[in-house]
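Q: Numbered according to the numbering used here, the sequence shown spans residues 2 to 361.
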Amino acid sequence: MALEAFREQLAATAAALAAPGRGLLAADESTGTIGKRLGAVGLDNTEDNRRAYRTLLATTDGLAESISGVILFEETLFQDSTAEAGGTPLVELFQRQGIVPGIKVDEGVEPLPGGLAGESWCTGLKGLADRAARYYERGARFAKWRAVLQISADGCPSELAVRENAWGLARYARTVQEQGLVPIVEPEILMDGDHDIATTASVQEWVLRTVYEALAVHGVFLEGSLLKPSMTLAGAACPQPPSLEEVGAFTVRTLSRTVPAAVPAILFLSGGLSEEDASLALNAINQAAEAVGAPWHLGFSFGRALQQSCLHHWAGRDVAAGQAALLARARANGLASQGRYEAGSEPSDDTSLFVANYSY
């Protein structure tokens, strides 16, 4: 019953997040993960340093031209900006720019009993309704839950892993919708492995089909939801990487076979691609989608592929340089989400961001 009260608002929020030429900034790194990134630029993992970096993100003028929403970690949702920025709640700074705040609500993965080696299930359902209501009161209007699957020669993903993670995503999605939050459904397939792109496409079709079956059983309101999938790529160690044209064609074919047209937007994760490679792949996907008249907005929800240059240019010292780097990659991905990005037209860090068995 509670979902009915929010139906109109959920659809409006999803539509706002799906605005053409815009995407999401995934800034929901856990305290441990943001600590690793701060350490990479010589900074300690203190609350003041985390606050300073997040204030940089929230006060970047013009960011809303390419960014419709920001995914936050719980600390950030309830955190104030630096004194120099007025000590204003960070969530308010994003709202003032017209950027919709969201919140990561899963509590990480645990080994899956009965699954194959390395398989996991996602935790965080206990108490989720109460947490979602508190996040809504604070200003969040969407949520994110990341399930993790892998492809391996020994049979991953197993049917158990696929079904368990699909069911968890569906239970989460229904729960947060009943509290007024648009669910981002994220069934990530890791890039680990040497499999080819056709193998990824086959597995991804199975996963997405199972996820949408579970969402239907739970009565999830699709028009008030978003999908955050992996791009259809070969494994990171594949000896014959696919071309950008193949990435575009396989990705659009996979989605066309599995994702209902009622879903307003599909916002891809970058999955360890470098900043530039992520933009080029997104651009190729949108060009392929335009050629076949795909029904969804195909945008981005990037973390590392939006922040790598920003973090290194800032390094705790140069706010203006960090913000300029962030804007450059946001512009690049805004254009890529329309199939209009030209390779190398915005500065980037070409470092591969792939991390084996990535968690955050």
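Cβ atoms here follow ideal geometry from the backbone N, Cα and C, with glycine treated the same way.
Shortest alpha-carbon distance to Arg23 belongs to which of Trp315, Tyr54, Gly99?
A: Among Trp315, Tyr54, Gly99, the Cα nearest to that of Arg23 belongs to Gly99.
Q: In the DSSP assignment, find the beta strand (DSSP E) that holds Ser121 and state where it starts and stops.
A: From DSSP, the beta strand (DSSP E) with Ser121 extends over 121 to 123.
Q: Work out the CA separation of Asp45 and Gly36 for me, nearest whole Å.
A: Whole-angstrom Cα-Cα distance: 7 angstroms.
Q: Does the distance from the C-beta atom of Leu182 to that of Ala144 stay below 8 angstroms?
A: Yes. Within cutoff.
Q: If I follow the unbroken beta strand (DSSP E) through Leu25, where does it start and stop?
A: Counting along the chain, the beta strand (DSSP E) containing Leu25 begins and ends at 24 to 28.
Q: In the DSSP assignment, find the alpha helix (DSSP H) that holds Lys37 and state where it starts and stops.
A: Note, Lys37: alpha helix (DSSP H), 32 to 41.
Q: Could you pull the start and end residues of the alpha helix (DSSP H) that Gly323 belongs to?
A: It spans 320 to 337 - the alpha helix (DSSP H) in which Gly323 sits, taken as one unbroken run.
Q: Can Ser302 and Leu256 be called in contact, C-beta distance under 8 angstroms?
A: No, the Cβ-Cβ distance between Ser302 and Leu256 is not below 8 angstroms.
Q: What number of angstroms, rounded off, separates the C-alpha of Arg8 from the C-alpha of Trp315?
A: Rounded to whole angstroms, Arg8 to Trp315 spans 41 angstroms at the Cα level.
Q: Quick check: the Cα distance between Leu354 and Ile72, rounded to an integer number of angstroms?
A: Confidence in Leu354 is poor, its pLDDT being 48 and thus under 50, which makes the residue's placement too unreliable to answer from.
Q: For Asp278, which of helix, strand or coil comes out of DSSP?
A: It is helical.
Q: Leu78 and Val106 - do their beta-carbons sit closer together than 8 angstroms?
A: No, these two residues do not count as a Cβ contact at 8 angstroms.
Q: Just the Cα atoms here: how many angstroms apart are Val204 and Leu227?
A: Rounded to the nearest angstrom, the two C-alpha atoms are 20 angstroms apart.
Q: Report buried or exposed for Val264, applying the criterion of at least 16 other Cβ atoms within 10 angstroms of its Cβ.
A: The residue in question, Val264, is buried, as its Cβ has 16 or more Cβ neighbours within 10 Å.
Q: Alpha carbon to alpha carbon, how far is Ala266 from Leu312?
A: The alpha-carbon atoms of Ala266 and Leu312 are separated by roughly 28 angstroms.
Q: Measure how close the beta-carbons of Ala202 and Leu245 come, nearest whole angstrom, since I'm counting them as under 8 angstroms.
A: With 8 angstroms as the limit, Ala202 and Leu245 do not qualify as a contact, their Cβ atoms being about 15 angstroms apart.
Q: Roughly how many angstroms separate the alpha carbons of Arg51 and Gly119, rounded to a whole number?
A: So the two alpha carbons sit approximately 31 angstroms from each other.
Q: Closest to Lys229 by C-alpha separation, out of Ser275, Leu283, Ala217, would be which residue?
A: When only C-alpha atoms are compared, the closest one is Leu283.
Q: Indicate whether Val248 and Leu268 have their beta-carbon atoms separated by less than 8 angstroms.
A: No, the Cβ-Cβ distance between Val248 and Leu268 is not below 8 angstroms.
Q: Could you name the residues of the same chain whose beta carbon sits closer than 6 angstroms to that of Ala12, not counting the 5 residues immediately before and after it, in chain order?
A: So the list reads Glu224, Gly225, once near-sequence residues are dropped.
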